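To keep things clear, I will list the structure first and then write my remarks on it.
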Amino acid sequence: MITTRERDDDAAERATAERRFGARVSVIVPVYNEKNTLRDLLDRVRAQRILWHGVTIPIEVIVVDDCSNDGGVDFLDGPIGQSLYPEVTLIRHPRNRGKGAAIRSGLARVTGTIVIVQDADLEYDPGDYAALVAPILAGQARVVYGSRFLGLGSLGRPFGMHPTNWVANKILSWTASILFRRRVTDEATCYKVFDAAILPGLALRSERFEFCPEVTSKVLRRGIRIVEVPIAYRGRGGNEGKKIRWPDAFQAWFTLIRYWLRD
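The opening position of the sequence shown corresponds to residue 70 in my numbering, with each subsequent residue numbered one higher.
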């Protein structure tokens, strides 16, 4: 449990960062039945210190429970959860709607100037936050993707990624690159980071896993450059709770085509 002294110190750092840079990072965590990993994920996010010119950039976390039935988010309810995780805002969906809908619910509550999408399953490492937000803080980009493939070569496969998922990821990235004439090495990455000011203009509609191709299409269609940075990755299998399936890959591919044709 964090102490009153630590909480006061964090508040002072947040105030200093916002006063000097006007920057705050909002992390949106869509959750559906991630009881085994959510608490660990939140602890890892809390441990991050994003330094910019010697000042710590504040982080807020918005957990969106998409009607989980495993009790995995219940520890965040009530005064105990608020005491343990004061930086976390919890939103609950009354029915399961999908990842895209959960992200959009989170976007409606962000207060930050930079938004990060973070899965709750520990495939992605919050230790990459500093590298992900640096191009936006430096004014070099408005959208940053964390690429699981940069540095691996054209045939490299990230740790733990199933070969069929590798094929699907490659097809989606090649399709996006060809349609929009901009090189994208990892279209389906969870780590999508945005200058919050551009998000309202994208008019996002997705409900499920088509969030990734929708936002990629709309960003590139508007001529906004996507900067990619290499990230760590540890894939998990279906027996560990991975939810995306081949039909989702087909839907993602058709979503790219649809928004290319008639955005």
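Built from N, CA and C at the ideal position, the CB exists for glycine as well.
These numbers were taken from a predicted model, which means no experiment stands behind them.
Legend entry - Given 8 Å, three or more beta-carbon pairs between the segment 238 to 256 and the segment 291 to 298: yes
Inset, instruction - Evaluate D77 with the Cβ neighbour count: other Cβ atoms within 10 Å of its Cβ, from every protein chain shown; 16 or more gives buried, anything less gives exposed. - result: Bear in mind that a pLDDT of 49 at D77, under 50, signals an unreliable position, so the model cannot answer this.
Inset, instruction - Return the chain-ordered list of same chain residues with a C-beta closer than 7 Å to the C-beta of R113, the five sequence neighbours on each side being excluded. - result: P195
Inset, instruction - Compute the minimum distance between the beta carbon of T106 and the heavy atoms of the ligand PLP, and state whether it is under 7 Å. - result: Ligands displayed in this structure: none; no statement on the ligand PLP is therefore possible.
Legend entry - Pair within 8 Å by beta-carbon distance, P227 and R217: yes
Legend entry - Minimum C-alpha distance to A199 - residue among D109, L111 and H122: H122
Legend entry - Residues bridged to S275 (per DSSP): Paired residue(s): none; S275 is not in a bridge.
Inset, instruction - Report the partner residues of V94 according to the DSSP bridge assignment. - result: I128 and I183
Inset, instruction - Using the Cα positions of L338 and I247, report the straight-line distance between them to the nearest angstrom. - result: The shown model of the chain, from 70 to 332, leaves out residue 338, and the question about it has no answer.
Inset, instruction - In angstroms with no decimal places, state the Cα-to-Cα distance between V124 and A207. - result: 14 Å
Legend entry - Beta-carbon proximity of S137 to I160, cut-off 8 Å: no
Legend entry - Neighbour-count burial assignment, R93, 16 or more Cβ in a 10 Å radius: buried
Inset, instruction - Identify the continuous alpha helix (DSSP H) that holds D109 and give its terminal residues. - result: L107 to R115
Legend entry - For E192, the three-state DSSP class (helix, strand or coil): coil
Legend entry - Extent of the continuous beta strand (DSSP E) run through Y214: V212 to S216
Inset, instruction - Quick one: measure Cβ to Cβ for I326 and V262, integer angstroms, because I've assumed they're closer than 8 Å. - result: That pair is no contact at about 25 Å.
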